[in-house]
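Remarks on the structure that follows.
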Amino acid sequence: MSPEPQPPSGPPKPGTTGGFAMMATSALSTQFGAAVGSLAFSTMGPVAVVAARQLVAAVVLSALARPRFWRYTRSQWGPLVLLALFFAGMNTTLYAAVDRVGLGTAVTLEFLGPLGVALAASRRLRDGLCAALALGGVVLLARPGPSSDLLGLGFGLLAGLCWAGYILTNRTVGRRVAGIQGAAVSTALSACVMVPLGVVIVLHVQPPWEAYVFAVVSGLLSSAVPYALDLMVLRRIPPLIFGLGMSLHPFFAALVGAAFLGQVLPVLGWVGIGLVISANALTLRGAPR
Numbered sequence: 008m009s010p011e012p013q014p015p016s017g018p019p020k021p022g023t024t025g026g027f028a029m030m031a032t033s034a035l036s037t038q039f040g041a042a043v044g045s046l047a048f049s050t051m052g053p054v055a056v057v058a059a060r061q062l063v064a065a066v067v068l069s070a071l072a073r074p075r076f077w078r079y080t081r082s083q084w085g086p087l088v089l090l091a092l093f094f095a096g097m098n099t100t101l102y103a104a105v106d107r108v109g110l111g112t113a114v115t116l117e118f119l120g121p122l123g124v125a126l127a128a129s130r131r132l133r134d135g136l137c138a139a140l141a142l143g144g145v146v147l148l149a150r151p152g153p154s155s156d157l158l159g160l161g162f163g164l165l166a167g168l169c170w171a172g173y174i175l176t177n178r179t180v181g182r183r184v185a186g187i188q189g190a191a192v193s194t195a196l197s198a199c200v201m202v203p204l205g206v207v208i209v210l211h212v213q214p215p216w217e218a219y220v221f222a223v224v225s226g227l228l229s230s231a232v233p234y235a236l237d238l239m240v241l242r243r244i245p246p247l248i249f250g251l252g253m254s255l256h257p258f259f260a261a262l263v264g265a266a267f268l269g270q271v272l273p274v275l276g277w278v279g280i281g282l283v284i285s286a287n288a289l290t291l292r293g294a295p296r
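Heads up: the sequence shown begins at 8 in the numbering used here, then just goes up one per residue.
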């Protein structure tokens, strides 16, 4: 997943319809990028693909933010390092899940992270119903049993846990680091960890040239394009609508997985995704403004 830009303060500006269209484009770009990256899994592996994606994201965000590393204090570096660890873990475990259980299932499981953060912030009966809906959706989607890929499902849930940690840590970074510099620095730090691992893997397996193309395209489509679109859309729509638009990710992941990768979900799988999306929509619609 790409870093979530901070919503601007003040009243929302007009253009909700166009903003929602850009959100749909962002979600589709993110999931199509993940699908393209998965084409390199067989020769390069998920870790090397994530390394390439982190490198692309670090270059793009650093060019936008131009962070001044030497001016940060110890109180700023702590959450920045933690944010980088969550960012690297989130993408690595997601791609590992995609490799084992498919794009639609992996992204839906990861989506439980931000949904869980929203549900944990409230004690309303309505949110208890939303949690039950999400849990029922996961059961229908994953259909756990003796033949299930429990490791792949575990990777998806771990990706969701990392996404939740990313959101909570990002709040602290947003208070201590100006603008989008926090996202740029954390992405650069995560790239410093992932790129050496990717280089070791690449030198060992020596993948074909097209694997590098898949990895770089994945970085552009899953990081650079959606981040630029999200920055523009947050100037046009309120944060509530942005949160609802995030629900498009599991749907588009399942759609792209079926159309592009041949990962066709059964009817119960689609019902499960619908329940998770509905839980997110109900949670956000009932949240305080």
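From the three backbone atoms N, C-alpha and C, an ideal C-beta is built for every residue, glycine too. Predicted model, so just to flag it, every value in this text is computed and none were measured.
- The alpha-carbon separation between Ala-113 and Val-206 amounts to approximately 26 Å.
- Between Gly-109 and Ser-225, the CB-CB gap reaches or exceeds 8 Å.
- In the structure shown, the three-state DSSP call for Ala-185 is coil.
- Excluding sequence positions up to five before and after Tyr-79, its CB lies within less than 8 Å of the CB of Leu-87, Val-184 and Val-192, all in the same chain and listed in chain order.
- For the pair of segments examined, the region 52-61 was found to touch the region 90-102: the number of CB pairs separated by less than 8 Å reaches three.
- Boundaries of the alpha helix (DSSP H) harbouring Thr-100: 81-108, taken from the DSSP string.
- For Thr-50, the closest C-alpha among the options Arg-75, Ala-222, Gly-264 and Leu-291 is that of Ala-222.
- Note on geometry: alpha-carbon atoms of Arg-133 and Leu-101 lie some 29 Å from one another.
- Around the C-beta of Glu-117, 16 or more other C-beta atoms lie within 10 Å, and the residue is accordingly described as buried.
- Per DSSP, Gly-269 lies in no alpha helix (DSSP H) segment and is marked neither H nor E.
- When secondary structure is reduced to three states using DSSP, Leu-46 falls in the coil class, being assigned neither helix nor strand.
- Check the Cα spacing between Ala-286 and each of Val-232, Leu-119 and Ser-229: the tightest is with Leu-119.
- Using a Cβ distance threshold of 8 Å, Gly-144 and Leu-282 count as a contacting pair.
- At the C-beta level, Ile-187 and Leu-68 come within 8 Å of one another.
- Going by DSSP, Trp-216 is part of the alpha helix (DSSP H) stretching over 216-226.
- Here the alpha carbons of Val-57 and Thr-32 stand approximately 22 Å from one another.
- In the structure shown, the three-state DSSP call for Asp-156 is coil.
- Ser-82 sits exposed, since fewer than 16 C-beta atoms from the chains shown fall within 10 Å of its C-beta.
- Take Asp-106, set aside five residues on each side of it, and the residues of its chain with a beta-carbon closer than 7 Å to its own are Ser-45, Phe-48 and Pro-53, in chain order.
- Spanning the alpha carbons of Trp-77 and Ala-231 requires a straight line of approximately 25 Å.
- When DSSP states are grouped into helix, strand and coil, Gly-52 belongs to the coil group.
- Judged by DSSP secondary structure, Arg-133 falls within the alpha helix (DSSP H) whose first and last residues are 132-149.
- For Gln-61, the secondary structure class from DSSP, reduced to helix, strand or coil, is helix.
- Counting of Cβ neighbours within 10 angstroms places Trp-170 among the buried residues, the total reaching 16 or more.
- Of the residues assessed, Gln-38 falls on the buried side of the cut-off, its CB having 16 or more other CB atoms within 10 angstroms.
- With 16 or more neighbouring CB atoms inside 10 Å of its own CB, Val-263 falls in the buried class.
- Spatial neighbours of Ser-155 in its own chain (CB-CB distance under 8 Å, excluding positions within 5 residues in sequence) are listed in chain order as Ala-149.
- Residue nearest to Ala-195 within the set Ala-65, Ala-34 and Met-29 is Ala-65 (criterion: CA-CA distance).
- Within 10 angstroms of the beta-carbon of Gln-213 lie fewer than 16 other beta-carbons, which makes it exposed.
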